[in-house]
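Following: one structure in structure tokens, then a few remarks.
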Amino acid sequence: MSAADATTRHLKRARTSPEEGTSSLHDPPSTLSHANLEHHPEFWFDDGNIILIARHSGFRIFRGLLAAQSTVFSDMFAAASSQADETLDGCPFVHLTDSPIDLVHLLRILLPTSPLCYPTSNSEDTRSFDEVSSVIRLAHKYHIQSVQDRAIRALQEYPFTNDFLHISTTPLKQKISIHGAQYIGAVNLARLTDTPIILPYALYQCSLLGGALLDGWKREDGTTEQLCTADIKRCFDGRVAIGQEQSYLIHLLFAPIPPGKCMPPGADDCAKCVEGIACNAVNISRLNKPVFFDWAPSIQALQAVCGKCKEVLLERNRVERQRIWDSLPEMFGVPEMFGVDVEGWANADGAGAAAGAA
Numbered sequence: 001m002s003a004a005d006a007t008t009r010h011l012k013r014a015r016t017s018p019e020e021g022t023s024s025l026h027d028p029p030s031t032l033s034h035a036n037l038e039h040h041p042e043f044w045f046d047d048g049n050i051i052l053i054a055r056h057s058g059f060r061i062f063r064g065l066l067a068a069q070s071t072v073f074s075d076m077f078a079a080a081s082s083q084a085d086e087t088l089d090g091c092p093f094v095h096l097t098d099s100p101i102d103l104v105h106l107l108r109i110l111l112p113t114s115p116l117c118y119p120t121s122n123s124e125d126t127r128s129f130d131e132v133s134s135v136i137r138l139a140h141k142y143h144i145q146s147v148q149d150r151a152i153r154a155l156q157e158y159p160f161t162n163d164f165l166h167i168s169t170t171p172l173k174q175k176i177s178i179h180g181a182q183y184i185g186a187v188n189l190a191r192l193t194d195t196p197i198i199l200p201y202a203l204y205q206c207s208l209l210g211g212a213l214l215d216g217w218k219r220e221d222g223t224t225e226q227l228c229t230a231d232i233k234r235c236f237d238g239r240v241a242i243g244q245e246q247s248y249l250i251h252l253l254f255a256p257i258p259p260g261k262c263m264p265p266g267a268d269d270c271a272k273c274v275e276g277i278a279c280n281a282v283n284i285s286r287l288n289k290p291v292f293f294d295w296a297p298s299i300q301a302l303q304a305v306c307g308k309c310k311e312v313l314l315e316r317n318r319v320e321r322q323r324i325w326d327s328l329p330e331m332f333g334v335p336e337m338f339g340v341d342v343e344g345w346a347n348a349d350g351a352g353a354a355a356g357a358a
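Residue numbers for the sequence shown follow UniProt numbering, so the first one is 1 and each next one is one higher.
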């Protein structure tokens, strides 16, 4: 693929505004002179030998460092050098249609001016989702596979893991902070990079947005990103399925406990208490409690229920929430999207450990 072809690639099945995608050696999108070109303070090196121009921001960097990591950049720089009469400050230059904000995030990985890495469970580093999204999109566009892979792995570690125990015990300090409409961006990244394991939880979170789902996600550069129509439909259908599963979970969780499981002589007391809890749980679940809401603290606090009955309730809480988690790909139509099951999602025995609230 040529540099021109590669740089005109659009986000797969994602709609953005304004339109993005091409790089040009000539005909910049607006009249731009040396006088109104803003030198980016972090990436303007006086001895740099190529200038990248993104809107009205200039980045004077070292071409060899980028070319060594991206064949797309290498081809673009070679074409720029062939235009000897097209220079700025004695340097060849290339116009990019990427936003300056996106480009800065990528350059901080490729040309770090300070130590920088992607967060893992063993590190203290944190990143914003805006930053990770920018890096993945541009790494994909400029064919920088190693950077794309590292960023995707960071997302898969948290929050887009297939491990319910991990996602349900939310750390106090998330390695990658993501919330609200940003999950729209996560769905589109999964499509862009063919990473289906991201989709079940991302679509689930999108389904919780309600009408705001149609407003899209506004990136930090002002661009609005939308889900495609098919994914919006999946969110609506999945939300209905989640509501049904939530009602079923309450029914199973607080179903009568067989007398043989109860520690005598409190069978009647336990049964009455569990029946009362079931009524309260139905009302609580209607107050927009998430389907993965953890009932364990409430169960453990019950004074009128014997220890044996508590064990039964706690086991039901664990198993049923895990069952719903394992069903997320099917509820949101993920296998149909890619024609394959989401590899490694559900445990083979259907029984994983769960604690906490997602």
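Where a beta carbon is used, it is the ideal one built from N, C-alpha and C, also for glycine. For clarity, every value in this text was computed on a predicted model and none was experimentally measured.
Going by DSSP, which residues form a beta bridge with residue i?
| i | result |
| --- | --- |
| Trp217 | Glu225 |
| Ser134 | None; Ser134 has no bridge partner. |
| Arg127 | Ile176 |
Assign residue i to one of three DSSP states: helix, strand, or coil.
| i | result |
| --- | --- |
| Cys306 | coil |
| Lys233 | helix |
| Phe164 | helix |
| Phe45 | coil |
| Leu37 | coil |
| Ile50 | strand |
| Gly333 | coil |
| Trp325 | helix |
| Val342 | coil |
| Pro259 | helix |
| Lys141 | helix |
| Leu290 | Sequence inspection shows Pro at residue 290; the Leu mentioned does not correspond to that position. Correct three-state label for Pro290: coil. |
| Pro159 | coil |
| Ala301 | coil |
| Asp5 | In this predicted model, Asp5 has a pLDDT of only 42, less than 50, meaning its place in the structure is not dependable; the value taken from the coordinates is given anyway. Three-state result, Asp5: helix. |
With a cut-off of 8 Å on the beta carbons, I'd call residue i and residue j a contact; round off their distance for me.
| i | j | result |
| --- | --- | --- |
| Ile176 | Phe236 | The pair is not a contact, with the Cβ atoms about 27 Å apart (cut-off 8 Å). |
| Ile61 | Leu103 | Not really, about 10 Å apart at Cβ, beyond 8 Å. |
| Pro200 | Val342 | 6 Å |
| residue 432 | Ile184 | Outside the displayed span of the chain (1 to 358) sits residue 432, for which this structure offers no information. |
| Glu320 | Leu208 | No, Glu320 and Leu208 are not in contact; Cβ-Cβ is about 20 Å, not under 8 Å. |
| Ile232 | Leu213 | 6 Å |
Verify the CB distance criterion: does residue i have a CB-CB separation below 8 Å to chain B?
| i | result |
| --- | --- |
| Val319 | Judged by its chain identifiers, the structure shown contains no chain B, having just a single protein chain. |
Closer than 6 Å by C-beta to residue i: which residues in its own chain qualify, once you throw out the five before and the five after it? Chain order, please.
| i | result |
| --- | --- |
| Ser99 | Asp221 |
| Leu107 | Phe43 |
| Gly210 | none |
| Met337 | none |
| Gly333 | Arg234 |
| Ala190 | Ile198, Leu199 |
| Cys270 | Cys262, Val305, Cys306, Cys309 |
Excluding the 5 residues flanking residue i on each side, which residues of the same chain have their C-beta closer than 7 Å to its C-beta?
| i | result |
| --- | --- |
| Ile299 | Lys310, Leu313, Leu314, Asn317 |
| Trp44 | Gly58, Phe59, Arg60 |
| Met331 | Gly238, Ala241, Ile242 |
| Gln182 | Phe129, Trp217 |
| Val135 | His105, Leu106, Ile109, Val147, Ala151 |
| Gln69 | Leu110, Ile144 |
| Asn36 | His56 |
| Ala54 | Leu96, Asp98, Ser99, Pro100, Leu103 |
| Leu155 | Val132, Ile176, Ile198 |
| Thr195 | Ile152 |
| Lys261 | Lys308, Cys309, Val312 |
Got a sec? Which residues, its chain only, sit under 8 Å from residue i by beta carbon, not counting five neighbours each side?
| i | result |
| --- | --- |
| His40 | Ser57, Gly58, Phe59, Pro100, Val104 |
| Gln145 | Ala139 |
| Trp345 | Asn162, Ile197, Pro200, Asp326, Leu328, Pro329 |
| residue 370 | The first residue shown for the chain is 1 and the last is 358, placing residue 370 beyond what the model contains. |
| residue 359 | Residue 359 lies beyond the range of the chain shown here (1 to 358); nothing can be said about it. |
| Glu38 | His56, Ser57, Gly58 |
| Glu245 | Val291, Ile324, Ser327, Met331 |
| field | In chain order, each beta strand (DSSP E) run of at least 3 residues that lies wholly inside the segment 54 to 122 | value | 57 to 61, 91 to 96
- Item | Runs of alpha helix (DSSP H) lying entirely within the segment 173 to 208, each at least 4 residues, in chain order | 182 to 193, 199 to 207
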